[in-house]
Structure formats: C-alpha cells, structure tokens
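Using my numbering, read the sequence shown as starting at 12 and increasing by one per residue. To keep things clear, I will list the structure first and then write my remarks on it.
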Amino acid sequence: SGYCFAAGDGRASEQPGLTVIHTIFMREHNRIVEGLRGVNPHWNGDQLYEHARRIVIAQNQHITYNEFLPRILSWNAVNLYGLKLLPQGYYKDYNPTCNPAIVTEFAAAAFRIGHSLLRPHIPRLSPQHQPIDPPILLRDGFFKMDIFTQQAGLIDEIARGLVATPMETLDQFITGEVTNHLFEDRRIPFSGIDLVALNIQRARDHGIPSYNNYRALCNLKRAQTWEDLGREIPPEVISRLKRIYNSVDDIDLFPGGMSERPLQGGLVGPTFACIIAIQFRQARKCDRFWYENDDPTTKFTEAQLAELRKTTLSRIICENLDIQGDMQRAALDLPSNFLNPRVPCSSMQQIDLSAWRENVVQGCHIGGKHVDVGDSAFPSPCTSCICTNEGPQCASLRITDCAQLAREWPRDVILRDDVCSAQCGLVLQNGGPQGRQLPINLRGQNSQRVSRSRVVQQQTSVPISFQGFQFPDLTQFIG
Numbered sequence: 012s013g014y015c016f017a018a019g020d021g022r023a024s025e026q027p028g029l030t031v032i033h034t035i036f037m038r039e040h041n042r043i044v045e046g047l048r049g050v051n052p053h054w055n056g057d058q059l060y061e062h063a064r065r066i067v068i069a070q071n072q073h074i075t076y077n078e079f080l081p082r083i084l085s086w087n088a089v090n091l092y093g094l095k096l097l098p099q100g101y102y103k104d105y106n107p108t109c110n111p112a113i114v115t116e117f118a119a120a121a122f123r124i125g126h127s128l129l130r131p132h133i134p135r136l137s138p139q140h141q142p143i144d145p146p147i148l149l150r151d152g153f154f155k156m157d158i159f160t161q162q163a164g165l166i167d168e169i170a171r172g173l174v175a176t177p178m179e180t181l182d183q184f185i186t187g188e189v190t191n192h193l194f195e196d197r198r199i200p201f202s203g204i205d206l207v208a209l210n211i212q213r214a215r216d217h218g219i220p221s222y223n224n225y226r227a228l229c230n231l232k233r234a235q236t237w238e239d240l241g242r243e244i245p246p247e248v249i250s251r252l253k254r255i256y257n258s259v260d261d262i263d264l265f266p267g268g269m270s271e272r273p274l275q276g277g278l279v280g281p282t283f284a285c286i287i288a289i290q291f292r293q294a295r296k297c298d299r300f301w302y303e304n305d306d307p308t309t310k311f312t313e314a315q316l317a318e319l320r321k322t323t324l325s326r327i328i329c330e331n332l333d334i335q336g337d338m339q340r341a342a343l344d345l346p347s348n349f350l351n352p353r354v355p356c357s358s359m360q361q362i363d364l365s366a367w368r369e370n371v372v373q374g375c376h377i378g379g380k381h382v383d384v385g386d387s388a389f390p391s392p393c394t395s396c397i398c399t400n401e402g403p404q405c406a407s408l409r410i411t412d413c414a415q416l417a418r419e420w421p422r423d424v425i426l427r428d429d430v431c432s433a434q435c436g437l438v439l440q441n442g443g444p445q446g447r448q449l450p451i452n453l454r455g456q457n458s459q460r461v462s463r464s465r466v467v468q469q470q471t472s473v474p475i476s477f478q479g480f481q482f483p484d485l486t487q488f489i490g
C-alpha cells in the first residue's frame, strides 16, 4: 500500500493492533525522556535516551511477569517455576553461568499460542467506550498503515477496543483471517498464507522433536498409545489427531500443545506451560540486566525499584493516549462494574521520576588533590580511585612486582598502606624485593570501579533443566 512506520521491529507495521502497542511504548519512552530532562537538565541526549530505554525495558519486564504470565500460565505454574516477582528488595538468584538465550521450542512453537487468540476484526471504541463502526477486518489491515494518517484518533480507538474486547479461546481453532488470508493480495486469488501450516513447517525446519518428547521432558507421562493422551487432550481432539498422524510419536509440538486442556486459572495446558515457564525462568535467572538484580554495576536503587513496581499496563496506556479518560485497572482483564471497574486515568499510580535525580558533582578530593569527574588518582601506593558523579569510588590494586613498587614509593609509605603491606610487606621487611621484575598491574582486583568493562570468562551454558531443576507435575492443575 503506502507507507510503513520505521521502528526497531518490522512487525510494527504488520497489522493495526501491533502498531498501536508499538506506538504506545514508543510514546512512553519519549514521555520518560521528557520527565528525566526535567529532573536532570544537565544530562545530554545519549544519557536521556539510555536511561529512558532502561526504564521502559524494566516496565515491560514488570508487566510481563506481574500481569501477563499469571494469566497465561496460572498462578500455580508461576509459583512452581519461581516466576513470582518480589514485592520489595533485590532478586538474589542471578546465575552468571547460565544462558538467557531464547530456546527454539519456545520461539518456534510454544509462544505462538497467541495466534489462537486472534479475533477476525480489530474493534474500535469511542472515549465513551461505545463501538465505532466499521471495525477493521484483519485481512484489510496487514501492512496498510495509511489508515493512521487518514483517520484522526485511530490509535486511541483501537487501544480502547483491544482492552475492552474478549479474545478468542485458546484451542485448536484459529480464525480464517490468518489461516486463509494472511498477507493476502486482494488482486491475486488464493494468495493468502496459512499461519498454522507456517508454524508447523517452521518447527520442523528448526528440528523440533515431537509433542510426545516434550511430554516426557515436562514430567507428563510419555504416551505409548492414543488413550494415554486422554488426561490432557479431549477425546474428540484425539480422534482428529488420529486421522492425521499414524502414531502418537508423530504429533507435531504446536498442534499437540494447542490441543491440551488448560490449567486452572491459565490459558495453556501443561506442556506449553512448562516450555513457556522455563523460558521466562531463564530470562530472569540468567540476565545480568534483569531489573530486579542487585549487580552493583547495573542495578536500580531501591527507591527506583519501588517506583518501577508501580507500573501497570493500564497506566502506560492511559498516559499515552491522545485523550485520557478512564480505563479498568487490570488492562488484560475485561472491564466489569464489580470486579474490574473503569476508573479515571488520573487516579492510577504513576512512577515518580525524581527517584532518578542525579546530584551533580563538580569534582572529588582524592588524596588531598582535586580530581575532575572521570579522572583517576592514587591516594596511596596500592589504591586507585576514580571520580564519579556519585563521588570517589576506590579499589585495591593487585601488585605483581614489589621491586617496582619500592622504586616508585618510599618504603615507609608502602608499609603504612594496609593493601601494600599485605602483598609486599614481608618482602620489604626482609631486606627488599628480589627476583624477576614485572610491571605493576594497575587493574582493580575484583572491582568494577577501576575498569568499567566487564570481563566474562567463557562458561558452559546451563541446560534447560537448570542443572537438575525438577519439573513439577502440572497435570494436577488441569481444569
């Protein structure tokens, strides 16, 4: 058609619902940039961008684990797989040796569950939450972004429609808009793609084993006969699978997982719950930049964490619509006068960006000298300090050549420095250093403060089982 939006992901222009979500989070980033500019007017563009980016990533993580996963997996699975967020303090279970990468079973099969939730139309609502006709037929919206320039207020209308309209049931049935008309060219008959066929073929191209293999991995009984599937899959669905596959070992992962009865309080069955939960467990446990982590080089302050924990999807949507009105507090649940009433956007908690206020330091006094921000100084022979906006940060030095140290500093000064004395005191007190002379190593020992870079030793990735993690039996929670 006409133009598409430039974004970090080409799918931002795939269909209007996705475009609205991308736009809302882009606006949230820009809103936070302006807020940070107000509390830190001395920050340059790069600082504003990077801090805002980091905040929006943290908000996304918080919404995903706090609002989205419990509804997909059920609270039982969230708790059993250690996915529940902390109400306060830092997450202490970061594992620097495990791999946070996305596993192919998740990307090419389990997390494609959303295709079953698609409705054939994208609804539109007015500020008074009344339907606006016509809704957008999904096949008419693929890569047709001109509608946003031709129709004022469409972002708001679609956003209101998305949070007020029920999704389709997660099951083996998927709307014909994406099984017959995906990316269809109206000028070419039968040019639409079948998304389900694409999902199944993609998984095969990725070499993903059969559904039965993942039953065994996820602590379900490995099926020997069709009857063994009866606890998780309804009998009428088993009958359809028997007509397609010769054996239970032939069932592809995507249709097999989509056929399971959902867990109580969740949308997916036990096999997909297992794969999705393991992936999000890794994403939290193995990511040094996870927003709850207490890594001293990357962590948020406790005050900043407290503000980030106020984040809700409803508030982010409210903040970034052209017309702010009212919305239900739980955006992923349908509005209900009793259980989930619409409230004014202004009544929802918002994060206070003053927690990111930075005290400007003009310089530091280190060892009796003035040192500019970013520069280093040696207040004693075996200590190096760097001046930061938070003040001086110092680290002990590892001495590899006591002889060179003795040539550069007086003996009494070295012995008065506890760090030097611990490393070279015995040599100096016994008549001076001997042996091969090596340069002093001025790198901080076990410190990130002297060297800003992070040295990561090559590690073997922890397997998906997390070194013996016992998979819970989720079949007890099947609805």
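Glycine residues also receive a C-beta, built at the ideal position from the N, C-alpha and C atoms.
Assign residue i to one of two classes, buried (16 or more other C-beta atoms within 10 Å of its C-beta) or exposed (fewer than that).
i, result
"Lys-296", "buried"
"Asn-210", "buried"
"Val-424", "exposed"
"Arg-465", "Any reading at Arg-465 must be qualified, since the residue scores a pLDDT of 33, below 50, and its modelled position is unreliable; no value is offered."
"Leu-193", "buried"
"Asp-386", "exposed"
"Pro-27", "buried"
"Gln-139", "exposed"
"Ile-147", "buried"
"Gln-43", "The residue you asked about is not Gln; residue 43 is Ile in the sequence shown. Label assigned to Ile-43: buried."
"Ala-88", "buried"
"Arg-427", "exposed"
"Ile-204", "exposed"
"Leu-181", "buried"
"Phe-331", "Checking the sequence shown, residue 331 turns out to be Asn, not Phe. It is buried - the Cβ of Asn-331 has at least 16 other Cβ atoms within 10 Å."
Does residue i come out as helix, strand or coil in the three-state DSSP assignment?
i, result
"Ile-410", "coil"
"Asn-257", "coil"
"Gln-58", "helix"
"Leu-485", "helix"
"Asn-400", "coil"
"Gln-302", "The sequence shown places Tyr at residue 302, rather than the Gln named in the question. Note: Tyr-302 maps to coil in three-state DSSP."
"Leu-274", "strand"
"Tyr-102", "strand"
"Cys-15", "coil"
"Cys-109", "coil"
"Asp-405", "Sequence check: residue 405 is Cys here, not Asp. Three-state result, Cys-405: strand."
"Ile-3", "Here the chain comprises residues numbered 12 to 490, so residue 3 is not present and cannot be evaluated."
"Leu-97", "coil"
"Leu-3", "Outside the displayed span of the chain (12 to 490) sits residue 3, for which this structure offers no information."
"Pro-142", "strand"
"His-53", "coil"
"Val-44", "helix"
"Lys-232", "coil"
"Cys-431", "helix"
"Tyr-92", "coil"
"Asp-157", "helix"
"Val-114", "coil"
"Gly-241", "coil"
"Ile-262", "coil"
"Val-31", "helix"
What residue from the options has the CA that sits closest to residue i's CA?
i, options, result
"Tyr-9", "Pro-307, Ala-208 and Val-259", "With the chain represented from 12 up to 490, any question about residue 9 goes unanswered, as that position is not in the structure."
"Pro-403", "Cys-375, Trp-54, Arg-197 and Asn-55", "Cys-375"
"His-53", "Leu-416, Arg-215 and Asn-370", "Asn-370"
"Ser-127", "Ser-347, Gln-487 and Pro-266", "Pro-266"
"Ile-1", "Leu-47, Cys-15 and His-33", "With the chain represented from 12 up to 490, any question about residue 1 goes unanswered, as that position is not in the structure."
"Ile-169", "Ser-24, Pro-134, Phe-184 and Ala-63", "Pro-134"
"Asp-415", "Pro-392, Val-382 and Val-354", "Position check: residue 415 holds Gln in this sequence, whereas Asp was assumed. Closest by alpha carbon: Pro-392."
"Gln-235", "Asp-383, Ala-366, Ile-262 and Leu-96", "Ile-262"
"Trp-11", "Arg-150, Phe-36, Glu-25 and Ile-66", "This structure cannot speak to residue 11, because the chain is shown only from 12 to 490."
"Arg-171", "Thr-190, Pro-346 and Asn-55", "Pro-346"
"Arg-418", "Leu-439, Cys-405, Ser-407 and Leu-408", "Leu-439"
Using 8 Å as the threshold, is the C-beta distance between residue i and residue j below it?
i, j, result
"Cys-329", "Thr-282", "no"
"Gln-293", "Ser-85", "no"
"Tyr-302", "Gln-162", "no"
"Ile-255", "Phe-117", "no"
"Glu-39", "Leu-324", "no"
"Cys-396", "Ile-410", "no"
"His-33", "Ala-18", "yes"
"Thr-486", "Leu-231", "yes"
"Arg-130", "Glu-179", "yes"
"Ile-334", "Asp-167", "yes"
"Ala-23", "Val-174", "no"
Hey, would you say the C-beta of residue i is under 7 Å away from at least one heavy atom of the ligand SAH?
i, result
"Thr-108", "The ligand SAH is not part of this structure, which contains no ligands at all."
key: Ranges of the alpha helix (DSSP H) found wholly within the region 311-396, counting only runs of at least 4   = Entirely contained in the region 311-396, the alpha helix (DSSP H) runs reaching 4 residues are, in chain order, 313-319 and 324-330.
request  = Write down every uninterrupted run of the alpha helix (DSSP H) in the region 160-207 whose length is 4 residues or greater and which is fully enclosed by it, in chain order.
outcome  = Entirely contained in the region 160-207, the alpha helix (DSSP H) runs reaching 4 residues are, in chain order, 165-175 and 187-190.
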